[in-house]
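Mapping of the sequence shown onto our numbering: residues 20 to 322, in sequence order. Report on one structure; see the data block that follows.
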Amino acid sequence: MKLSAHISLFLLAASAVIVTSCGSSHADRDDRPAMTATILPLKHIVEQIVGQDFVIEVLVPVGASPETFEPTPKQYIRMNESQMVFTTGLIDFENTLLARMERKDNLIDLSRGIELMAGSCSHDHPAAVAARSREAAAKGLPHGIDPHIWTSPRELRTMARNACEAIMLKYPDSAKYRHAYEAFDKRLQQLDSLCRTMCDASRTKAFVVYHPALTYYARAYDMEQIAIEDDGKEPSARELARIIDKARAAHVTALLYQSQFPRSVVEVVARDIGVECREIDPMAEDVEQNIMRITRTITGCGE
């Protein structure tokens, strides 16, 4: 084969690679409009309603603490470009979003209509504690507001309804969103009923958790949440002894701890109680599956 033929074949192959590469780049680009959720559990709620019609971007990345999170300038730009921004309305960094949002009517507070509960969730972040204290005083709660409203199916139903109403207001002709919401709400009702049945059948009516993130769950199922951490601080030896005695008397089945905390912190306490350490992640995206997993851990049913 002549040199010119080799060159022609090379150029032809190179052109094919370039065309394929360009085509792949174009195909990989997602041209769907975007919505924003401040945390992963909210992404799950919104996706159950809008399906794949939108890209749902999440501000707080996996493994990060929402209590100490601060959006980047790029994220603020993307938020202002989003069709809607969904928040709990209760986490410290969310309360700064409103002032920096150009289209404030696109900021959707999913906690509307929920009976909020007092609680501590400081993660040793004094600014967050102070902000929650001010907000708690304004809402009539004495010791701060527990923001973990997505850990209970009952509160999830309210959050889903708020999301659906806001989405339908913006897209009134999309009946499929209403139908998707109704299917989601039915699943949440079934989840609530199943969790209630499992909790009622359980020998224990309490659970121990390192960080008090299941306050709304405990209220929903008449359970007592026995928290080791209080306002971001570990208990004294005397208080820890009281917690251990209380946990034993309540026949708790496991000591729950969040994945953000080291297992070594709770292993000694779990041994003294006579139970295993079980890791949970209240920030997991699939809230339905997560609630069922937590229920099985607390009740000891279905494991």
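All residues carry an ideal CB built from backbone N, CA and C; glycine is no exception. In this text, all values refer to a predicted model and were calculated from it rather than measured experimentally.
{"Item": "In three-state terms, what does DSSP make of Q308?", "Value": "helix"}
{"Item": "Return helix, strand or coil for V65, following the three-state DSSP convention.", "Value": "helix"}
{"Item": "Can you tell me which of the three DSSP states I168 falls into?", "Value": "helix"}
{"Item": "Cα-Cα, which of T55, D111, A303 is closest to I164?", "Value": "D111"}
{"Item": "Below 8 Å between beta carbons: does that hold for R176 and D219?", "Value": "no"}
{"Item": "Would you identify the three-state DSSP class for T318, choosing helix, strand or coil?", "Value": "helix"}
{"Item": "Got a sec? Which residues, its chain only, sit under 6 Å from G319 by beta carbon, not counting five neighbours each side?", "Value": "T272"}
{"Item": "For L233, name the three-state secondary structure that DSSP assigns.", "Value": "coil"}
{"Item": "Can you name, in chain order, every residue of its own chain whose Cβ lies under 7 Å from the Cβ of K123, other than the five neighbours on each side?", "Value": "L117"}
{"Item": "Quick one: is T115 buried, meaning 16 or more other Cβ sit within 10 Å of its Cβ, or exposed?", "Value": "exposed"}
{"Item": "How is A75 classed by DSSP in three states: helix, strand or coil?", "Value": "With the sequence shown as reference, residue 75 is identified as Ile, and Ala is not the correct amino acid for it. In this structure, I75 counts as strand in the three-state DSSP scheme."}
{"Item": "From the DSSP output, in three-state form, read off I127 for me.", "Value": "strand"}
{"Item": "If you draw a straight line from the C-alpha of S84 to the C-alpha of L213, how long is it?", "Value": "30 Å"}
{"Item": "Would you mind reading off the limits of the beta strand (DSSP E) that contains M54?", "Value": "53 to 56"}
{"Item": "Kindly list the residues whose CB is nearer than 8 Å to the CB of R97, restricted to its own chain and excluding five residues on each side of it in sequence; keep chain order.", "Value": "A53, T55, E76"}
{"Item": "With DSSP as the reference, label V227 as helix, strand or coil.", "Value": "strand"}
{"Item": "So which of V104, D50, E201 has the shortest CA-CA distance to K62?", "Value": "V104"}
{"Item": "Leaving aside the five residues before and after V65 along the sequence, list all residues of the same chain whose C-beta is less than 7 Å from its C-beta, in chain order.", "Value": "M54, A56, I75, F105, A182"}
{"Item": "Are there 16 or more other CB atoms within 10 angstroms of the CB of G138, so buried, or fewer, so exposed?", "Value": "buried"}
{"Item": "Can you tell me which of the three DSSP states F112 falls into?", "Value": "helix"}
{"Item": "Out of curiosity, what's the CA-to-CA distance linking G293 and E174?", "Value": "32 Å"}
{"Item": "With a cut-off of 8 Å, do at least 3 Cβ pairs link the region 247 to 257 to the region 227 to 239?", "Value": "yes"}
{"Item": "So D211 and P172 are supposed to be a Cβ contact under 8 Å. How far apart are they, rounded?", "Value": "4 Å"}
{"Item": "How many angstroms separate the CA atom of E100 from the CA atom of E304?", "Value": "23 Å"}
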